[in-house]
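To keep things clear, I will list the structure first and then write my remarks on it.
There are 2 protein chains.
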Amino acid sequence: MATAALTPELASMEMFRSSLIRDSGSSETAERLCAVGRFSSLSRGSMLWQNPDSDRLVYIASGAVKLIGQRAGPEDSDAHANERSARGSQILAFHFPGEIVSVLHQAERDVRLAALCDTDLVIFWTDQFLDVAEGDPSVIRAVLTRSLEALQRSRARMMQLGHKSARQRVADFLVTLAQRIGTMDGEACDITLPMSRRDIAESLGLTLETVSRQFADLRAEGLVATSGRSGVRLPDLYALAREAGQRFS
Amino acid sequence: MATAALTPELASMEMFRSSLIRDSGSSETAERLCAVGRFSSLSRGSMLWQNPDSDRLVYIASGAVKLIGQRAGPEDSDAHANERSARGSQILAFHFPGEIVSVLHQAERDVRLAALCDTDLVIFWTDQFLDVAEGDPSVIRAVLTRSLEALQRSRARMMQLGHKSARQRVADFLVTLAQRIGTMDGEACDITLPMSRRDIAESLGLTLETVSRQFADLRAEGLVATSGRSGVRLPDLYALAREAGQRFS
DNA sequence: CGGGCGCATTGACCTAGATCAAGAAGCTGT
DNA sequence: ACAGCTTCTTGATCTAGGTCAATGCGCCCG
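Going line by line, the protein sequences match chains A and B. Residue 196 is where the first sequence starts when you use the numbering used here, and the numbers rise one by one after that. Residue 196 is where the second sequence starts when you use the numbering used here, and the numbers rise one by one after that.
Following this line, the structure appears as structure tokens:
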């Protein structure tokens, strides 16, 4: 009743519920799903420890996360497993509010979710989620559609990693991100990067130095402007997209 | 009634039906799905022309296919669009009998399915498939599970493309393929490669020459033996897996 | 069985990007 | 405002793998 904001937990659950109903699920199913979902709040930099025994579905309510794949060195022994020991880890995807991430348990590999900034999310045990959702085909179908979209993005990234130059990767990264979280400002487009240069590098399969150099080049050519660590402005999205795409030879 | 084999079409439909029922779908749903599926037979090297206006699901009954992603040069004009003009195309995945491939229509990109050898398959229009399957949640769930598996494989490939050396990629490719289509022979494992060196290269984001060189090196070290173009024997799968995986430094 | 074509192998060289090594901004907290 | 971090930028080398080019071999077909 107070004028103060809802608790993050209630707000997150409400977001999830209404996103389901928008996908034409019945509100009854939504209620039951909310009942089996567990709310969680992550602060910047912390990771969601993944039980190695089961798959999860994670709904992002607010903030931003990265999905990290790490070749599972068998329990890197005692070494304080804080994030910085990330040698040779690969970022598989970034995810933003409203999206559902599927974190599959995968023998031999270690897949984790880490928060780029303070993040609220709702976690489901995949089997349980599907058991409940099975009563409502439209919900399962919605989840299927989302996972096919994720597959599509994943394939697009593969093409990027396969045959593109550093310059193209960085350009493509910026254009794609602009489409997902950018705000148009007349001709130009502004993005506030939630991730570090290192994150960008690891997601593109490059080194942080190379990413930095490509930013410098694009900046020199007037294709991007930066302000501070995280402010990026793309004065000509089309020109940049052209850089990203089919520059033969 | 004759002793002769079934027609490929009937055999393919029967495979599809029984794979569905194994996944606990009702046989009634299976019948209805078969009714909307269209059988098709591809000969070695030919491509499934993808209508650009809709997504498809393709069930592989026999043979082998590659899923190709090509940055869509706007209608490469008249140039006889036979397969060989594949400049800078990337192979997104290989698929084998029993698997369901989802081919999503993707603006700006051209995704196609090509047969590595003579192949029988059943094609569905995704929306129609799901409309029918919606009556039977366990079928939709099965499709979802398969697509999550595809996502998982896709992520694994991303890690490969991201941070691995040519040697590791080739080793990983062979080990992964061995697990999918290899036949054990005591300690060793035999594979008959359905794809060319060029295909391997394009799927790993390497050149055909580099792949060849890596084969030569691994051969020299006794980790693989080859016979003819397509015969491969892996005398020590574990040693090879170790090459593929976490060789730090 | 032998000719010919396409795939595979091998070699010589050369760039894009990794690696190593300083510095220069940015964002904290006091 | 300043100290002390972390993250970013820039520069100088080094090398894995790409590119170009020649040769060899498996496989199909007459």
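Cβ atoms here follow ideal geometry from the backbone N, Cα and C, with glycine treated the same way. Computed from a predicted structure; not experimentally measured.
Going along the chain, which residues of its own chain have a beta-carbon closer than 7 Å to the beta-carbon of residue i, five neighbours each way excluded?
| i | result |
| --- | --- |
| B/Lys261 | Ile286, Phe289, Ala309, Leu311, Met390 and Asp394 |
| A/Ala434 | Leu418 |
| B/Leu401 | Ala361 and Arg364 |
| B/Leu432 | Val370, Ala373 and Cys384 |
| B/Met196 | Annotation note: pLDDT 46 at B/Met196 (below 50); position unreliable, coordinate value reported separately. Nothing meets the Cβ criterion. |
| B/Leu388 | Ser425 and Val427 |
| A/Arg392 | Leu403, Val406 and Ser407 |
| B/Ser214 | Gly293 |
| B/Gly330 | Thr224 |
Around the Cβ of residue i, are there at least 16 other Cβ atoms within 10 angstroms (buried) or fewer (exposed)?
| i | result |
| --- | --- |
| A/Arg350 | buried |
| A/Arg217 | exposed |
| A/Thr224 | buried |
| A/Ser280 | In this predicted model, A/Ser280 has a pLDDT of only 38, less than 50, meaning its place in the structure is not dependable; the value taken from the coordinates is given anyway. Answer is exposed; the Cβ neighbour count stays below 16. |
| A/Thr202 | exposed |
| A/Arg446 | No statement about residue 446 of chain A is possible, as the shown extent of chain A runs from 196 to 444 and does not include it. |
| B/Met208 | buried |
| B/Gly240 | exposed |
| A/Leu205 | exposed |
| B/Gly357 | buried |
| A/Thr378 | exposed |
| B/Asp248 | exposed |
| B/Ser422 | exposed |
| A/Asp380 | exposed |
| B/Ala230 | exposed |
| B/Ser272 | Because the pLDDT at B/Ser272 is just 36, under 50, the model does not fix this residue reliably, and the point stays unresolved. |
Is the CB-CB distance between residue i and residue j below 9 Å?
| i | j | result |
| --- | --- | --- |
| B/Leu325 | B/Ile335 | yes |
| A/Gln363 | A/Glu438 | yes |
| B/Phe291 | B/Tyr254 | no |
| B/Ala420 | B/Val370 | no |
| A/Arg251 | A/Phe319 | yes |
| B/Val446 | B/Ile386 | The displayed coordinates of chain B run from 196 to 444. Any statement about residue 446 of chain B would go beyond what the structure contains. |
| A/Ile376 | A/Arg341 | no |
| A/Thr405 | A/Ala415 | no |
| B/Gln323 | A/Leu299 | no |
| A/Arg352 | B/Met353 | yes |
| B/Ala328 | B/Leu228 | yes |
| B/Asp313 | B/Leu399 | no |
Starting from the C-beta of residue i, find all residues in its chain whose C-beta is less than 8 Å away, skip the five residues before and the five after it, and write them out in chain order.
| i | result |
| --- | --- |
| B/Ser222 | Arg212 and Ile216 |
| A/Gln301 | none |
So, for residue i: in the same chain, excluding its five sequence neighbours on each side, which residues have a beta-carbon less than 6 Å away from its beta-carbon?
| i | result |
| --- | --- |
| A/Glu382 | none |
| B/Ser219 | Ser333 |
| A/Ala257 | Reading off the sequence shown, one finds Ser at residue 257 of chain A, where the question assumed Ala. Once the five neighbours on either side are set aside, the close Cβ partners of A/Ser257 are Pro292 and Asp315. |
| A/Ser284 | Ile263 and Gln265 |
| A/Asn277 | Reliability fails at A/Asn277, whose pLDDT of 38 lies under 50, so the model's placement of it is uncertain and no value is given. |
| A/Ala411 | none |
| A/Leu413 | Val419 |
| B/Asp367 | Gln355 and Ala439 |
| B/Ser235 | Leu316 and Ile318 |
| For the stretch 318 to 347 of chain B, which residues have a beta carbon sitting closer than 9 Å to at least one beta carbon of chain A? | Thr321, Leu325, Ala328, Glu329, Gly330, Asp331, Pro332, Ser333, Ile335, Arg336, Val338, Leu339, Thr340, Ser342, Leu343, Glu344, Ala345, Leu346 and Gln347
| task | Mind checking the stretch 353 to 375 of chain A against chain B and listing, in chain order, the residues whose C-beta falls within less than 7 Å of any C-beta there? | result | Met353, Met354, Leu356, Gly357 and His358
| message | Please identify, using Cβ separations under 8 Å, the residues of the stretch 400 to 433 of chain A that lie next to chain B, in order along the chain. | response | Gly400
| the stretch 283 to 305 of chain A: which residues have C-beta closer than 9 Å to a C-beta of chain B, in chain order? | Gly283, Ser284, Gln285, Ile286, Leu287, Ala288, Ser297, Leu299, Gln301, Glu303 and Arg304
| task | Using a Cβ-Cβ cut-off of less than 9 Å, give me the residues of the stretch 376 to 389 of chain B that come near chain A, in sequence order. | result | none
| Those runs of the alpha helix (DSSP H) which lie wholly inside the stretch 359 to 437 of chain B and span at least 4 residues | 361 to 376, 392 to 399 and 403 to 415
| said: As an exercise, report each continuous alpha helix (DSSP H) stretch of at least 4 residues that is fully enclosed by the stretch 201 to 263 of chain B, in chain order. | reply: 203 to 217 and 222 to 231
| task | Name, going along the chain, the residues of the stretch 235 to 259 of chain B whose beta-carbon falls closer than 9 Å to a beta-carbon of chain A. | result | Asp250
| message | Which runs of the alpha helix (DSSP H) at least 4 residues long sit entirely within the stretch 305 to 349 of chain B? Give them in chain order. | response | 321 to 328
| query | When you check each C-beta in the stretch 216 to 234 of chain B against every C-beta of chain A, which residues fall closer than 9 Å? | reply | none
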